[in-house]
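Going by the working numbering, the sequence shown opens with residue -15, and the numbers climb by one from there.
Structure first, commentary second.
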Amino acid sequence: MTNTRAKGARAETLARDYIISLGYKIIERNYTIRGGEIDIIASDSNTIVFFEVKSLIQSSRYQIEEQVTQEKKKVLIRTCKYWLLKAGKLDSNWRIDFIGIVYKNNRTDYKLQHITNAIY
């Protein structure tokens, strides 16, 4: 885990495995448009769930929940609505969940935090 991109990719893979273990069906990963990205898009019975995944080292002075700024929330909501429009699913139930991965100081062990309907 020598760089930020590798750390982020590992966190998204851990999050994906966790989401699948809950019974969600993965629809898409790393959906990107100009000005926005959705880390993971999944479905949970009749709800489309957009996941924002963040990670940090336990010794960080920040809390994992602080990783999503107000500006990031606005961009994420706009990107989700755009995906719904393009997918023809504007009338679908949907929400945005947050998954935080906090790596312990040894950078191999981690704690996963899942907040349902975290961003609105």
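Every residue gets a Cβ at the ideal spot worked out from N, C-alpha and C, and that includes glycine.
Per-residue burial, residue i [other beta carbons within 10 Å of its own, 16 or more giving buried]
| i | result |
| --- | --- |
| threonine 0 | Rather than threonine, the amino acid found at residue 0 in this sequence is arginine. By the 10 Å Cβ count, arginine 0 comes out buried. |
| lysine 38 | buried |
| glutamate -4 | buried |
| aspartate 93 | exposed |
| tyrosine 8 | buried |
| tyrosine 104 | exposed |
| glycine 72 | exposed |
| isoleucine 3 | buried |
| alanine -10 | exposed |
Collapsed DSSP secondary structure at residue i in the structure displayed
| i | result |
| --- | --- |
| aspartate 1 | helix |
| valine 52 | coil |
| isoleucine 61 | helix |
| glycine -8 | helix |
| isoleucine 103 | coil |
For residue i: DSSP bridge partner residues
| i | result |
| --- | --- |
| lysine 9 | Ser27 |
| asparagine 77 | Thr31 |
| glutamine 42 | Paired residue(s): none; glutamine 42 is not in a bridge. |
| asparagine 87 | Residue identity check: residue 87 is tyrosine in the sequence provided, not asparagine. Its beta-bridge partners are Ile41 and Tyr94. |
| tyrosine 15 | Ile22 |
Delimiting residues of the beta strand (DSSP E) encompassing residue i
| i | result |
| --- | --- |
| isoleucine 99 | 94 to 99 |
Within the chosen definition, does the segment 88 to 100 reach the segment 59 to 71 through at least 3 CB pairs nearer than 8 Å?
The answer is no - the segment 59 to 71 does not touch the segment 88 to 100, with fewer than three Cβ pairs under 8 Å.
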